[in-house]
Structure formats: structure tokens, C-alpha cells
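Working notes for the structure below.
Number of protein chains: 2
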Amino acid sequence: MSKSGFKHELFVQFARIGKALSNANRLELLEFIAQGARSVEELAKASGLNFANASQHLQELRQAGLVTARKEGLRVYYELSGDDVIGLLDNVRHVAEHRIAEVQKLVGTYLSAKDELEPIEAMELLGRARKGLVTVLDVRPPEEFLAGHLPGAVNIPLAELESRIGKLPKNKEIIAYCRGPYCVLAFEAVARLRKKGLKARRLENGLPEWRLRGLPVEVG
Amino acid sequence: MSKSGFKHELFVQFARIGKALSNANRLELLEFIAQGARSVEELAKASGLNFANASQHLQELRQAGLVTARKEGLRVYYELSGDDVIGLLDNVRHVAEHRIAEVQKLVGTYLSAKDELEPIEAMELLGRARKGLVTVLDVRPPEEFLAGHLPGAVNIPLAELESRIGKLPKNKEIIAYCRGPYCVLAFEAVARLRKKGLKARRLENGLPEWRLRGLPVEVG
DNA sequence: TTAATATTCAAGTGTTCAGTTGAATAGTAT
DNA sequence: ATACTATTCAACTGAACACTTGAATATTAA
């Protein structure tokens, strides 16, 4: 005897959102999509899944309404269906951080206390960047940078950091950011910059969260 | 070759939250728990699940960190592990409403446009209630009312509404609320009150959302 | 102690899920 | 047309899930 009724039907629908979020690979795909529209190929490569599998996950995300797909010539581009989805992901992260012991343990194991304590807050960064007090460093791949980045940010993917480190101003503090609060690229960049004797910190969040807060984003 | 690395491990953990939210019965249980601490028996009865099954779902919710369990004498009480969980549920609802066509259809089928348009917003209600302009009506069962309710609210469960309708002031507008935005009790109450010629609307949300916003709650 | 109650555990069943592989589709370029 | 590409579909495997049933555990009451 399966249940019926308005409320239960609604919950069945709500559960679809939950189901879409119930797989680590899908969450990873969502984080990539949150950087801007991307093709299946790019997403498959970025997430390390094979095409068919990535495609299936993406369709599941689309059926749950979290992303939309549009075909452009040869390829299909997926993008977030709205900013509320970023908020939802943020909320999941927040609850996980606070309520799941394993998350706290993981963060403790992989990140030093110093990494944890240092991040700069979005509004503070905005203020200091406008006054020219800091260099904003975007360590994501160029495609993601082009799809949108913090105003005035310099794009140096992690791989090229060593070789281009000389071009960064020595006297200003450098604020690195990437895809989200746990994007390892930014942590790594900060570590390397500090090893070179530069003053560096990371932004507490990534670009999607920045955008969600309505802060200015530069394109191209 | 299963994936590894800090980020993926984190996403695996985040996915646990999603999985916990991926079942309609668990979402329903969460809505009940959001009204206040409840025993397994109460929750099983309220949700129409049998004991063992309810217990299993509750344990899954607990393992995902969404609820906590404490044993008190003979029975185990489950409660939300924090207000951020209410926020998360709210967010899921919000995304579902805006992104899943079936939800819009369901709402359209079960609720008249009038029901949809009439709800009063929390802050507005607070202001008008303080001035004594409205009667606030809590249509939830007494246990839930006792665990916390809007300041000055009158508790009349739906079943007793007809018989106690006379005791409500005739001249003031009545604002009904219950467990959440889709709790049917409030819709139903408003419909019945209007049929009796009273002026009635419902609160846009339920008690948990009210509490989440930091608005005052009366206990007992 | 024994009995009663609330909750959980354990085992079984049918269903759904994640991931793989290979074929099918639908556009684009030649 | 033909070949080529990006994406999706279809079929399959092993694992996980929802739910049921009946037994086990733990706490209180008699």
C-alpha cells in the first residue's frame, strides 16, 4: 500500500533533489558546472569519469532540475539552472561541516590549522582589492577564468605558478581562490607562494559563492 | 580504481547528506522532528511507517548528522541536530519549487490560486500580532504546540476546529499555521474558517522556519 | 524475578543504483 | 554521400536500498 496525498507526493519530488545530491561524483560535477557552462567532454575529463557515465550523471542532475542542458552545434552544454542551486550546495557543505564528524577529521588531517585560520572574507577582500592593497590570484584553468572571475584577478593556473611567480608584485599580499571552499588548488597555491617568501592567503570561498552574494564578476 | 584525495573524500561525505534527503519518508520524518523532539513511536505513527522501518530511517538520518538521538528512560527521542538543518530543508524545498515542473503541477492541482496567493509573511504577522490585530491559530496536535509555538497563538487541532470555532473572535482576521509551507492542515483550516464567514489566511511557513529566522517562540 | 514495553538488530526479498561496455544517434566537415 | 565527432542509449553486473518479519536487547513496572 503505497502512500498518496498531496504532501507525500510533494516529498517524493523533494526527495529527487536529495537523490541528485546523494553521489560524490554528481557533487563534483556540480562544482565544475558552478564555474560556468561546460560540455560533457570537459566535465567528463575534469571529473575523471568516462563519457557515458558522466552523461548519465548529468542527465540525473538535469532531471532533478539542478542543471539545464542546451545543445550548441556539436556539443551539449550543461549549466546550473539557478543561483539557488549554489545556495543549496553551500548549505549541504555547511551542514556536513558542522554535523559530520568525518568531515571535521578530514579537514583536520589534510589541512593545517594555519590553512584553516587564514582565509579572508569576501567583503573584506572586495574592499582591499578596490584600494589596490592586494593581488587577487585565480588559480583555476583558463576556461573557467574566462567564464567569470573576480574583478581585476590575475589568472595563473597552479601548474604555471612557479614559472610566473616573478611577475607578481612582491610587496602586496596575494589572495588566491579557486572553485570553492575546498578546492585544493588555492590551498596549494598559498603554500607554494609562502615557500617563496610571499605573503599569501586564500579567499574563504570560490567564485560561485562570490557570485551568489551578488558581488561583481568580470567576464573574459 | 576508486578515487581518492581530499576533495573526493569530502564529496563522499557531503553525499551522505544528500542520501539522507533522498527518500520521501525520511523527509517526512524530518518535518515532524523539526516541530520538536519526538520518540520513535510518535514518529512512526505520525509518518505511517512501522516501528522497525521508522527506526531504520531515523538511524540513517542520525548517521548523516541531521538528527540526534537521546535515550530517556524507556524511549529514544530524536531531534534536529541544529537550525542549519531547517535551513537545508527549506533550501531543498525552494529549489524543488522553482526547478521541478512536477512540483508546480502538484501545487497547481491541489491548491487553488487563492490559497497560493493569500499567505502572510512572517514579519508582517509579527507586527500585526503585536498590535493585537490578528488571532494566530496553531492547528497542529497539542504535543507539537506544547514543544513551541508562535507567541500568543491559540491551539485548535483541525479535528476540533468546527466545535471550537465559536470561541474565536469574529472581528479579527485569523492567521493559521502548522508544520511548514506545505502542511495541509493550515490550508484546510483556512478553507473551513472562510466557509464559516470568517476572515482567514495562512502563514507562509510553519513553526520551524519561524524559529530559524530567530523570531520569538513560546513554549508550554 | 517476571512481565511488559520501546527500540533495535538480523535476515530475506524485490527494486534501484553506479559503473562498464558497445552500439546508436545526431550533428559537422570533407 | 562519407567519415568523423560528441553525446546518448541499452544491456549488463554487483552493490546498496526500502521494506517486511521475527527475534533480541534494554529499561521500567509489578
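Sequences listed follow chains A and B, in order. To convert, count from 1 in the first sequence and add 2; that's my numbering. To convert, count from 1 in the second sequence and add 2; that's my numbering. Just so you know, even glycine gets a beta-carbon here, dropped at the ideal spot from N, CA and C. Remember, predicted model here, so these are calculated numbers, not experimental data.
Exercise. Is there a Cβ from chain A that is less than 8 angstroms from the Cβ of GLY150/B?
Worked result: Stepping through the second sequence from its first residue, residue 150/B is reached at position 148. No, because no Cβ of chain A sits closer than 8 angstroms to the Cβ of GLY150/B.
Problem set entry | Per-residue DSSP class, three states only, for ALA17/A | By 1-based counting over the first sequence, the position of residue 17/A is 15. Of the three classes helix, strand and coil, the one that applies to ALA17/A here is helix, per DSSP.
For this session: Classify VAL78/B as helix, strand or coil using the three-state DSSP reduction.
Result: By 1-based counting over the second sequence, the position of residue 78/B is 76. Three-state DSSP puts VAL78/B in a strand.
Exercise. When the Cα atoms are used, what is the spatial distance from HIS151/B to VAL97/B?
Worked result: Position 149 of the second sequence, counted from the first residue, corresponds to residue 151/B. Position 95 of the second sequence, counted from the first residue, corresponds to residue 97/B. If you take the alpha carbons of HIS151/B and VAL97/B, they lie about 27 angstroms apart.
Exercise. At a CB-CB cut-off below 7 angstroms, which residues of chain A make contact with LYS163/B?
Worked result: As a first step, residue 163/B is located in the second sequence; it is residue number 161 there, counting from the start. The question names Lys, but residue 163/B in the sequence shown is Leu. Within 7 angstroms Cβ-Cβ: nothing; LEU163/B doesn't reach chain A, min ~19 angstroms.
Exercise. Between the beta-carbon of ARG203/B and the beta-carbon of GLU126/B, is there less than 8 angstroms?
Worked result: As a first step, residue 203/B is located in the second sequence; it is residue number 201 there, counting from the start. As a first step, residue 126/B is located in the second sequence; it is residue number 124 there, counting from the start. Cβ distance not < 8 angstroms, so ARG203/B and GLU126/B don't count as in contact.
Exercise. Is it a yes or a no for the region 8 to 17 of chain B touching the region 198 to 217 of chain A, going by three-plus beta-carbon pairs under 8 angstroms?
Worked result: no
Problem set entry | Member of LEU148/A, GLU145/A, PRO153/A whose CA lies at the smallest distance from the CA of LYS133/A | The residue you call residue 133/A lines up with position 131 of the first sequence. Measuring from the Cα of LYS133/A, the nearest candidate turns out to be PRO153/A.
Exercise. What's the C-alpha gap between VAL109/A and ALA188/A?
Worked result: As a position in the first sequence, residue 109/A is number 107, starting the count at 1. As a position in the first sequence, residue 188/A is number 186, starting the count at 1. Roughly 15 angstroms separates the two Cα atoms.
Exercise. Can you name, in chain order, every residue of its own chain whose Cβ lies under 8 angstroms from the Cβ of VAL42/A, other than the five neighbours on each side?
Worked result: In the first sequence, the residue the question calls residue 42/A occupies position 40. Only PHE53, ALA56, SER57, LEU60, ARG77, VAL78, TYR80 meet the Cβ criterion.
Exercise. Relative to the C-alpha of ARG181/A, which residue among ARG166/A, LYS172/A, ALA149/A is closest?
Worked result: Position 179 of the first sequence, counted from the first residue, corresponds to residue 181/A. Comparing Cα-Cα distances from ARG181/A to each of ARG166/A, LYS172/A, ALA149/A, the minimum goes to ALA149/A.
Exercise. When you check each C-beta in the region 62 to 93 of chain B against every C-beta of chain A, which residues fall closer than 8 angstroms?
Worked result: ALA66, GLY67, LEU68, SER83, GLY84, ASP86, VAL87, GLY89, LEU90, ASN93
Exercise. Can you name the residues of chain B whose CB is closer than 7 angstroms to the CB of ARG215/A?
Worked result: Residue 215/A sits at position 213 when you count from the first residue of the first sequence. Per Cβ cutoff of 7 angstroms: no residues; ARG215/A is ~16 angstroms from chain B at best.
Exercise. From LEU32/A to LEU91/B, what distance separates their C-alpha atoms?
Worked result: If you number the first sequence from 1, residue 32/A lands on position 30. If you number the second sequence from 1, residue 91/B lands on position 89. Using only the alpha carbons, I get a separation of about 19 angstroms.
Exercise. Near PRO144/A, which residues of its chain fall below 8 angstroms by C-beta distance, leaving aside the five closest residues on each side in sequence?
Worked result: Here residue 144/A is taken as the residue at index 142 of the first sequence, counted from 1. Cβ neighbours of PRO144/A beyond the five flanking positions: ASN157, PRO159.
Exercise. Comparing the C-beta of SER24/B with each C-beta of chain A, is any distance below 8 angstroms?
Worked result: Taking the second sequence and counting its residues from 1, the one referred to as residue 24/B is at position 22. At least one chain A Cβ lies under 8 angstroms of SER24/B.
For this session: Answer yes or no: does any C-beta atom of chain A fall closer than 8 angstroms to that of HIS96/B?
Result: For the purposes of this step, residue 96/B is identified with residue 94 of the second sequence, where counting begins at 1. Yes, because at least one Cβ of chain A sits closer than 8 angstroms to the Cβ of HIS96/B.
Problem set entry | Secondary structure, alpha helix (DSSP H): runs of 4+ residues fully inside the region 113 to 154 of chain A | 115 to 119, 124 to 132, 144 to 148
Problem set entry | Unbroken stretches of the beta strand (DSSP E), 3 residues or longer, contained in the region 149 to 196 of chain A | 175 to 179
Exercise. To the nearest angstrom, how far is it from the Cα of HIS100/A to the Cα of ILE88/B?
Worked result: As a working note, residue 100/A is residue 98 in the first sequence. As a working note, residue 88/B is residue 86 in the second sequence. Whole-angstrom Cα-Cα distance: 14 angstroms.
Exercise. MET3/B by DSSP, collapsed to three states: which one?
Worked result: Working through the second sequence from its first residue, we reach residue 3/B at position 1. Confidence is the limiting factor: at MET3/B the pLDDT is only 43, short of 50, which leaves the residue's position unreliable and the question unanswerable from this model.
Problem set entry | Contact set between the region 99 to 130 of chain B and chain A, restricted to residues whose Cβ is under 7 angstroms from the partner | HIS100, ARG101, ILE102, GLU104, VAL105, LEU108, TYR112
For this session: Identify whether SER24/B lies in helix, strand or coil by the three-state DSSP scheme.
Result: Here the question's residue 24/B lines up with position 22 in the second sequence. DSSP places SER24/B in coil when its eight states are reduced to three.
Exercise. With respect to the beta strand (DSSP E) encompassing ALA48/A, which residues constitute its N-terminal and C-terminal limits?
Worked result: If you number the first sequence from 1, residue 48/A lands on position 46. No beta strand (DSSP E) holds ALA48/A; the alpha helix (DSSP H) holding it covers 42 to 49.
For this session: Could you tell me the boundaries of the beta strand (DSSP E) in which ARG204/B lies?
Result: Here residue 204/B is taken as the residue at index 202 of the second sequence, counted from 1. Note, ARG204/B: beta strand (DSSP E), 202 to 204.
Problem set entry | Interface residues of chain A facing LEU29/B [CB-CB closer than 8 angstroms] | Position 27 of the second sequence, counting from 1, holds the residue named residue 29/B. The contacting residues are PHE13, PHE16, ALA17, GLY20.
For this session: Could you tell me which chain B residues have their CB closer than 7 angstroms to the CB of TYR184/A, listed as they occur along the chain?
Result: Counting from one through the first sequence, the residue named residue 184/A turns up at place 182. Near TYR184/A (Cβ distances below 7 angstroms), the residues of chain B are LYS9, LEU12.
For this session: Return the chain-ordered list of same chain residues with a C-beta closer than 6 angstroms to the C-beta of PRO183/A, the five sequence neighbours on each side being excluded.
Result: Taking the first sequence and counting its residues from 1, one reaches residue 183/A at position 181. Only ASN207 meet the Cβ criterion.
Problem set entry | Neighbourhood of ASP140/B by C-beta distance below 6 angstroms, restricted to the same chain and skipping five residues each side | As a working mapping, residue 140/B is identified with position 138 in the second sequence. So the qualifying residues of the chain are PHE147, HIS151, ALA155, ASN157.
For this session: Quickly, what does DSSP pair VAL69/B with across the bridge? List them, please.
Result: As a working note, residue 69/B is residue 67 in the second sequence. Its beta-bridge partners are LEU82/B.
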